[in-house]
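In the working numbering, the protein residues as written are 4 to 242. Virtual Cβ for every residue (Gly too), placed ideally from N, Cα, C. Inspection log for the structure reproduced underneath, given as structure tokens.
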């Protein structure tokens, strides 16, 4: 079993705009703006760049936390997962994500962050489609279903995005329109820019407790390392 790549990045987010505190908490992120009409210009996610995967249940989700919760012993530990929705390794990572969610429940706030890789030609549109699914209230389910169909997505591209939306009962026409007008590009770009500033170069990459764990080459031992960091933060209350 190979040792996961580990980097201390606890100071790298300082001074980066938009700011994102990664050690155990997050700056306050307000409610998302109402879904703009087809002609609307792209807007950045208010209050930060963490993707709002609001659907409850196991898997990806977002805890909307104010600054006052940061450092609280009762606040959840934040785990950011930098992901390309057309990446087979990210599909594999779902097993670890679900296991972590099962173990920690609401003590661990798992947030999916967009990091579309240039080598995957459908990754950027997939991230935008997922953001529109968030607006329609099914972001987590949509992201997981895309990852489950990643081979098909890599082969056929955009039609799979719309078919997946229809299968989940989403407004596929609105997703198509969102891809045309680019209303979610700033959200995706902001996530990717922050990831690059923190040294993310492949997917999946995990950030927890100011530590970056790179899973792009090997995911062996990653979940155990995440659990080690999360357990320490929860025990100390320093998150």
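- Can you tell me where the alpha helix (DSSP H) with residue 86 in it begins and where it stops? Mapped onto the chain shown, residue 86 falls at position 83. That residue, residue 86, is in no alpha helix (DSSP H); its beta strand (DSSP E) goes 80-86.
- Cβ neighbours of residue 86 in the same chain (closer than 6 Å, five flanking residues each side left out): Along the chain shown, one-based indexing puts residue 86 at 83. The residues are 93, 115, 206, 207.
- Task: Could you tell me which residues DSSP pairs with residue 149 in its beta bridges?
- Result: For the purposes of this step, residue 149 is taken as residue 146 along the chain shown, with counting starting at 1. Paired residues: none, contrary to the question.
- Reduced DSSP category for residue 141 - H, G, I as helix; E, B as strand; rest coil: Here residue 141 is taken as the residue at index 138 of the chain shown, counted from 1. Correct three-state label for residue 141: coil.
- Evaluate residue 48 with the Cβ neighbour count: other Cβ atoms within 10 Å of its Cβ, from every protein chain shown; 16 or more gives buried, anything less gives exposed. By 1-based counting over the chain shown, the position of residue 48 is 45. Unreliable positioning characterises residue 48 in this predicted model, as indicated by a pLDDT of 49, which lies under 50. A coordinate reading is not provided.
- Of the choices 91, 80, 157, 81, whose alpha-carbon is the least far from that of residue 128? In the chain shown, counting from the first residue as 1, residue 128 sits at position 125. Measuring from the Cα of residue 128, the nearest candidate turns out to be 157.
- Message: Suppose you measure from the CA of residue 132 to the CA of residue 109; what does that come to, to the nearest Å?
- Response: One-based indexing of the chain shown puts residue 132 at position 129. One-based indexing of the chain shown puts residue 109 at position 106. One C-alpha to the other measures close to 27 Å.
- Ordered along the chain, which non-local residues of its own chain (more than five positions away) have a Cβ less than 6 Å from that of residue 222? Residue mapping note: residue 222 aligns to position 219 of the chain shown, counting from 1. If we look at residue 222 and ignore the five residues flanking it on each side, it has no Cβ neighbours.
- Query: Just to confirm, are residue 191 and residue 118 a CB contact at a threshold of 7 Å?
  - Reply: Taking the first residue of the chain shown as position 1, residue 191 is located at position 188. Taking the first residue of the chain shown as position 1, residue 118 is located at position 115. No, these two residues do not count as a Cβ contact at 7 Å.
- Task: Count the other C-beta atoms from every protein chain shown that fall within 10 angstroms of the C-beta of residue 147, then say buried if there are 16 or more, exposed otherwise.
- Result: As a position in the chain shown, residue 147 is number 144, starting the count at 1. Buried, by the Cβ-count rule.
- Per DSSP, what kind of secondary structure is residue 167 in: helix, strand or coil? Your numbering for residue 167 matches position 164 in the chain shown. Helix.
- DSSP puts residue 117 in a beta bridge; with which residues? The residue given as residue 117 occupies position 114 in the chain shown. Bridge partners of residue 117: 86.
- Nearest residue (CA-CA) to residue 135, options 199, 113, 168, 97: Along the chain shown, read from residue 1 onward, the residue named residue 135 stands at position 132. Comparing Cα positions, the closest option is 168.
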